[in-house]
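K.L.:
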Ligand SMILES: [Zn+2]
């Protein structure tokens, strides 16, 4: 009883593998793991850009669906690209 309420409070359902499901019901796969990209190149603006919001902010992991490793590398790549002038810091 108390266990069921606790699961509900977390806001996501648990799959039969014991992993959390996305709100849409499927398990999202990390884009870079799927395409077997180990290192994210900051010069690859086209790839990086899709993980930016309209305000040129880095989107949270909840939205990007990336794994912890690649989200970390992505944020570093974006910050590097921003300094090099390839990506904007903000858009008004
Ligand atoms: Zn990944």
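Numbering (my numbering), first residue to last: 107 to 198.
Built from N, CA and C at the ideal position, the CB exists for glycine as well.
Here the structure is a predicted model, which is why all the values come from computation and not from measurement.
At which residues does the alpha helix (DSSP H) containing residue 138 begin and terminate?
P.N.:
137-140
K.L.:
Hey, out of 165, 153, 172, 143, whose CA is closest to residue 135's CA?
P.N.:
Taking only the C-alpha atoms, the option nearest residue 135 is 172.
K.L.:
By the DSSP assignment, the alpha helix (DSSP H) with residue 153 in it spans what residues?
P.N.:
Residues 151-155.
K.L.:
For residue 192 and residue 158, I'd like the C-alpha separation in whole angstroms.
P.N.:
A direct Cα-to-Cα measurement between residue 192 and residue 158 gives close to 13 angstroms.
K.L.:
With 16 as the cutoff for other CB atoms within 10 Å, does residue 138 come out buried or exposed?
P.N.:
buried
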